[in-house]
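A.B. asks: Here my numbering = 1-based position in the sequence shown + 100.
Quick one: the structure is below, questions incoming.
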Amino acid sequence: MSAIQSPVTVGSEIVLLLDDHIVAETRHCRQVIHAAEKDPANPMLTAAEPWEGRGP
Numbered sequence: 101m102s103a104i105q106s107p108v109t110v111g112s113e114i115v116l117l118l119d120d121h122i123v124a125e126t127r128h129c130r131q132v133i134h135a136a137e138k139d140p141a142n143p144m145l146t147a148a149e150p151w152e153g154r155g156p
């Protein structure tokens, strides 16, 4: 694993941070994991075939 040579700039926008190393090395930043929320109006996956449903 290589060491980070310079700071990582992410700007002032809301950013999804999953890299523990980046979070640990960042000032005024903490990692908080929340449960995902399903949006029925915007499904990530849709059934394309008749057998790809929710089951019986």
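Beta carbons are placed, not taken as given, at the ideal position from N, Cα and C, and that holds for glycine.
If I measure Cβ to Cβ from Ala147 and keep anything under 8 Å in the same chain, skipping five residues before and after, which residues do I get?
C.D. replies: If we look at Ala147 and ignore the five residues flanking it on each side, its Cβ neighbours are Gly153.
A.B. asks: If you compare alpha carbons, which of Glu149, Pro150, Cys129, Ile133 is closest to Ser112?
C.D. replies: Of the candidates Glu149, Pro150, Cys129, Ile133, the one whose C-alpha sits nearest the C-alpha of Ser112 is Cys129.
A.B. asks: Once the 5 residues before and after His134 are set aside, which same chain residues still bring their CB inside 6 Å of it?
C.D. replies: Closer than 6 Å at Cβ, skipping near neighbours: no residue.
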